[in-house]
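Asker: Residue 240 is where the sequence shown starts when you use our numbering, and the numbers rise one by one after that.
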Amino acid sequence: MFSKILIANRGEIAVRIIRACNEMGIHTVAVYSEADAEALHVNLADESYCIGPALLKDSYLNMTAIIDVAIATGCQAIHPGYGLLSENPRFAELCEKCNIKFIGPHWSVIAKMGDKDEARRTMKAAGVPVVPGLDEITDIAAAKKFAAEIGYPVIVKASAGGGGRGIRIVQKEEDFENAVLTASAEAKSAFGNGKVYLEKFLTDVKHVEMQIVADEQGNVVCLGERDCSMQRKNQKLIEESPCVTLKPDVRKKMMEAAVLAAKTVNYTNLGTIEFLLDRQNNFYFMEMNTRLQVEHPVTEYVTGIDVVKWQIRIAAGMAFIYKQEDVRLRGCAIECRINSEDARNNFRPSCGRISLLHIPGGPWVRFDTAIYQDYRIPPYYDSMIGKLIVYARDRTEAIRKMQAALCELVIEGVHTNAELSGDILAQPEFKDGSYCTNFLDKFLKNYH
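What follows is the structure in structure tokens.
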């Protein structure tokens, strides 16, 4: 087992990893930007080092600075968390060249599955269902003809990156060329890769993802699903496990497809296979996230498995002790992402000092966060400041528990979306689980 790990991240996920390491008796090293000098992860880690100015490119994306700290402090491994460098194959390869274990899959797999176009082709060849589409747009005229054949609407998607960037939904043929060009330009700017591909845009679908764990001995186990359909502009807001509308036979097939996808690319460590599920219970591969997911706590609650600790154990060479038949989803878990933004004012980002903080408590209530009273939220980073997670024996009880926890959560000094989350949970479509990825767009039209 590792004796010292560097956490190449910030915010709540850095705190989450540090806590897991503390429980495992592993010494932790944090890195931080000048803007994060007073951040919680800086104070919780055993050692902390400033690696640059506030901007991401000068600090948390500065691969050389991070590796230098890891070498200087004698770290045997680096945990990238999610976002930032977690799916950067160059960084994972650099770790390997410096004899530092990257806690995640091999860099070649990250590169292969990070190219969504190549991932789609790989899954199609392996027999995993994929959405009808065109693997890469190299000729706009030919792509436009193909779009007409499969029927509008279609979606143009960046081959690299994620987070909802480099994506354009095209409703009619006359908008096609502009959508391709703008999506490609946005992808080039955000990810350094302007390649885009085309898919049929499925409406009234659920976004269901499968959590897989794969050790270096060749064992692959699926830890069940998460329903991540509550989204705004392709960004998840509320996640839950299990998916209440997923039929047992479809769940079994989807889990088998997720395991097949991981085995096809010789995947190791933690990963997520994302699917779209239509009203007819057909499911289609969307993408693979080669990292820890933001919403991993709901899986931890319903399975009783600490996936962060297992990331570390597997990276250290340990075999995963659970078999597929050991995995049972018990009860229901719901997560609400708490963002510092004004939901009633076009989701304007909200920064500043937290003047009062009260975190809800009680059995099976968890708030993963890096904020504290008097903490000042900087304007340079993602707006998510915490994740409120609850667990109960059934979904009805879990919804009530989350509603109570949201009412008890107090964050003064900045605006948050907590009230919006509570309003969503009260909607009939959420209560019966029938909501789809387009629900929030409709709901927000009358939300003032």
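The beta carbon of each residue, even a glycine, is placed where N, CA and C say it ideally should be.
In the DSSP assignment, what residue or residues form a beta bridge with Asp454?
Answerer: Reading the sequence shown from its first residue, position 215 is the one you call residue 454. Asp454 is not bridged to any residue.
Asker: Using a threshold of 8 Å, state whether the C-beta atoms of Thr507 and Ala453 are closer than that.
Answerer: Locating residue 507 in the sequence shown gives position 268, where the first residue counts as 1. Locating residue 453 in the sequence shown gives position 214, where the first residue counts as 1. Yes, they are a contact pair.
Asker: Tell me where the alpha helix (DSSP H) around Ile290 begins and ends.
Answerer: Residue mapping note: residue 290 aligns to position 51 of the sequence shown, counting from 1. Segment Glu286 to Gly291 is the beta strand (DSSP E) holding Ile290; no alpha helix (DSSP H) there.
Asker: Rounded to whole angstroms, what is the Cα-Cα separation between Leu485 and Glu286?
Answerer: Mapped onto the sequence shown, residue 485 falls at position 246. Mapped onto the sequence shown, residue 286 falls at position 47. Using only the alpha carbons, I get a separation of about 45 Å.
Asker: Considering only the alpha carbon of each residue, which of Ala554, Tyr391, Met525 and Glu564 lies closest to Cys461?
Answerer: Along the sequence shown, read from residue 1 onward, the residue named residue 461 stands at position 222. Among Ala554, Tyr391, Met525 and Glu564, the Cα nearest to that of Cys461 belongs to Glu564.
Asker: Helix, strand or coil: which one does DSSP assign to Ile246?
Answerer: Taking the sequence shown and counting its residues from 1, the one referred to as residue 246 is at position 7. Reduced to three states, the DSSP call for Ile246 is strand.
Asker: Taking 7 Å as the line, does the beta carbon of Tyr561 fall inside it for any heavy atom of the ligand ATP?
Answerer: Of the ligands one can find in the structure shown there are none, so the ligand ATP has no counterpart to examine.
Asker: I need the straight-line Cα distance from His535 to Ala609, nearest angstrom please.
Answerer: Residue 535 sits at position 296 when you count from the first residue of the sequence shown. Residue 609 sits at position 370 when you count from the first residue of the sequence shown. If I take the Cα positions, the gap works out to 17 Å.
Asker: Once the 5 residues before and after Asp443 are set aside, which same chain residues still bring their CB inside 8 Å of it?
Answerer: Here the question's residue 443 lines up with position 204 in the sequence shown. Taken in chain order, the residues that qualify are Asp517, Arg518, Cys675 and Asn677.
Asker: Hey, quick one: how far does the alpha helix (DSSP H) through His535 stretch, first residue to last?
Answerer: Within the sequence shown, residue 535 is the residue found at index 296, counting from 1. Unbroken alpha helix (DSSP H) run through His535: His535 to Thr542.
Asker: State the CB to CB distance for the pair Leu659 and Ile638, rounded to an integer number of angstroms; the pair is presumed to be in contact (CB under 8 Å).
Answerer: Here residue 659 refers to the residue found at position 420 when the sequence shown is read from its first residue. Here residue 638 refers to the residue found at position 399 when the sequence shown is read from its first residue. Going by Cβ atoms, the distance from Leu659 to Ile638 rounds to 15 Å, so no, they are not a contact pair.
Asker: Quick check on the DSSP output: the beta strand (DSSP E) that includes Arg576 runs from which residue to which?
Answerer: Numbered from its first residue, the sequence shown carries residue 576 at position 337. Counting along the chain, the beta strand (DSSP E) containing Arg576 begins and ends at Cys571 to Asn578.
Asker: Please report the distance separating the alpha-carbon of Glu464 from that of Met494.
Answerer: Taking the first residue of the sequence shown as 1, we reach residue 464 at position 225. Taking the first residue of the sequence shown as 1, we reach residue 494 at position 255. Those two C-alpha atoms are separated by around 8 Å.
Asker: For Ser423, which residues in the same chain have their Cβ closer than 6 Å to its Cβ, ignoring the five residues on either side in sequence?
Answerer: As a working note, residue 423 is residue 184 in the sequence shown. If we look at Ser423 and ignore the five residues flanking it on each side, its Cβ neighbours are Gly433 and Val435.
Asker: Is Val281 helix, strand or coil when you go by DSSP?
Answerer: Along the sequence shown, one-based indexing puts residue 281 at 42. The answer is helix: DSSP assigns Val281 an H, G or I state.
Asker: How close, in whole Å, do the beta carbons of Gly570 and Arg632 come, if the pair is a contact with beta carbons under 8 Å?
Answerer: Sequence index remark: in the sequence shown, residue 570 carries index 331 (1-based). Sequence index remark: in the sequence shown, residue 632 carries index 393 (1-based). Confirmed, about 5 Å.
Asker: On the DSSP bridge list, what partners appear for Leu441?
Answerer: Residue numbering aside, residue 441 sits at position 202 when the sequence shown is read from its first letter. In the DSSP output, where bridge partners are listed per residue, Leu441 has none listed.
Asker: Please state whether the Cβ-Cβ distance between Cys337 and Leu245 is less than 8 Å.
Answerer: To locate residue 337, count along the sequence shown from 1; it is residue 98. To locate residue 245, count along the sequence shown from 1; it is residue 6. Result no, Cβ atoms of Cys337 and Leu245 do not sit closer than 8 Å.
Asker: Select from Leu568, Ala555, Phe440 and Leu509 the residue whose C-alpha is nearest the C-alpha of Tyr523.
Answerer: To locate residue 523, count along the sequence shown from 1; it is residue 284. Of the candidates Leu568, Ala555, Phe440 and Leu509, the one whose C-alpha sits nearest the C-alpha of Tyr523 is Phe440.
Asker: Which residue comes first and which comes last in the alpha helix (DSSP H) that contains Lys362?
Answerer: Working through the sequence shown from its first residue, we reach residue 362 at position 123. In the sequence as presented, Lys is not what sits at residue 362; that position holds Met. Met362 -> alpha helix (DSSP H) spans Lys355 to Ala365.
Asker: What is the DSSP secondary structure of Gln642, reduced to helix, strand or coil?
Answerer: Within the sequence shown, numbered from 1, the residue matching residue 642 stands at position 403. Three-state result, Gln642: helix.
Asker: Could you name the residues that DSSP lists as bridge partners for Val649?
Answerer: Taking the first residue of the sequence shown as 1, we reach residue 649 at position 410. His597.
Asker: Work out the CA separation of Leu515 and Lys396 for me, nearest whole Å.
Answerer: Reading the sequence shown from its first residue, position 157 is the one you call residue 396. Reading the sequence shown from its first residue, position 276 is the one you call residue 515. The straight-line gap from Cα to Cα measures roughly 15 Å.
Asker: Between the Cα of Ala501 and those of Pro392, Ile290, Val489 and Arg530, spot the shortest distance and give me the residue it belongs to.
Answerer: As a working note, residue 501 is residue 262 in the sequence shown. Comparing Cα-Cα distances from Ala501 to each of Pro392, Ile290, Val489 and Arg530, the minimum goes to Arg530.
Asker: How would you label Gln612, buried or exposed, when you count the other beta carbons within 10 angstroms and need 16 or more for buried?
Answerer: If you number the sequence shown from 1, residue 612 lands on position 373. Flag for Gln612 reads exposed.
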